[in-house]
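This report refers to the structure that appears directly beneath it.
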Amino acid sequence: MLQYESQSYDKGLSQKLMQKYRPLFVFSIVSYAIFVSKVSKIRKDRENRNTAILISCWNACNAIANIIMLIGALPDFITSFHEGLYSSLCLNQGLYTNPRTAKLLFMFHASKIWELLDTVFVIMDGRQASIIHVTHHIITSISVVSSYPQLGAVIRWISVTNLIAHSVLYSYLTAQSCVWKQRTRSARIVSGIQLIQFPICLFAFWKILQYKAARRKCETGYNVACLIIYTILFILFMQFYVSKARSQMKIARLKGMIKF
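In my numbering, the protein residues as written are 13 to 272.
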């Protein structure tokens, strides 16, 4: 159990917990990579109804978890702008010692490990996991395991944008499996929300580097690494969605020709 005294949260305890379980997290990531590379070929096109039900429940639980974390993160994010962008991006202001925000941030980092199960369920359902899906999960999980809590104040922006994107995504997937039963036009909106978090965070990292160049106090770390990682992921996701859109347009044209 995470404990704190009075109004101050012991972030050192969380850091020790992360260090303690880091070997387990690394083992989970390696096992994930092996599972994806080996089992996906065996399970391909083997649909399982029980797995579909499990995936629906999993998506619903993740939607609720992300919404709860988002609600918890928003108050600090909003009040952090008391000195404009600078204070929000560069000043911790008790971010890691406030009981509410500190516990939330620890859970946010940990959630990137349990989200590896997304791909596991997809494969067990007989579907093929895309390369971008697997790459994204591996890069994200390695990043959070190695960066807590050195990211500093910028985690506000990373967590809020990601929690918004995932709250929408998991809510859509839950509705799709329980209500719609097929892709709808709102899928494009969901995809757009997934993409927009990247340029927002890239802007944040760029501003932080500007503040540091101006020798202003900035309680952040791994800024260049984050900039590189987010740039790579943004390019990969853009290529994926553009390719997907072209494929859908091609299919739509073929259907139109057949109908004609």
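All C-beta atoms, glycine included, are put in the ideal place defined by N, C-alpha and C.
The C-beta of histidine 94 has fewer than 16 other C-beta atoms within 10 Å across all chains shown, which makes the residue exposed. DSSP places glycine 96 in the uninterrupted beta strand (DSSP E) bounded by 94-96. About 4 Å separates the beta carbons of asparagine 78 and serine 179, which is inside the 8 Å limit, making them a contact pair. Secondary structure remark: continuous alpha helix (DSSP H) runs of at least 4 residues inside the stretch 147-223, in chain order: 167-187. Only residues of its own chain outside the window of five on either side were considered, and among them Val48, Ser52, Thr131, Val134 and Ile135 have a CB closer than 7 Å to the CB of alanine 141, listed in chain order. In the displayed model, threonine 232 falls within a strand according to three-state DSSP. Runs of the alpha helix (DSSP H) spanning 4 or more residues and lying entirely within the stretch 66-128 occur at 97-102 and 111-126, in chain order.
A Cβ-Cβ distance of about 20 Å is found for the pair isoleucine 144 and leucine 239, leaving them out of contact under the 8 Å criterion. Closest in alpha carbon position to tyrosine 44, among Ala75, Leu128, Lys219 and Ala64, is Leu128. Here serine 49 carries a helix assignment [DSSP, helix/strand/coil]. With 16 or more neighbouring CB atoms inside 10 Å of its own CB, arginine 168 falls in the buried class. Check the Cα spacing between tyrosine 253 and each of Lys23, Leu86 and Ser203: the tightest is with Ser203.
Shown here, glutamine 140 sits in coil according to DSSP, grouped into three states, outside any helix or strand. Taking a C-beta distance under 8 Å as the contact criterion, alanine 85 and tyrosine 182 do not qualify as a contact pair.
By the CB criterion at 8 Å, arginine 34 and valine 156 fall outside the cutoff. Per the C-alpha coordinates, the member of His148, Ala177 and Ala216 positioned closest to serine 99 is Ala216.
Tyrosine 234 and threonine 63 have their C-alpha atoms spaced approximately 39 Å apart.
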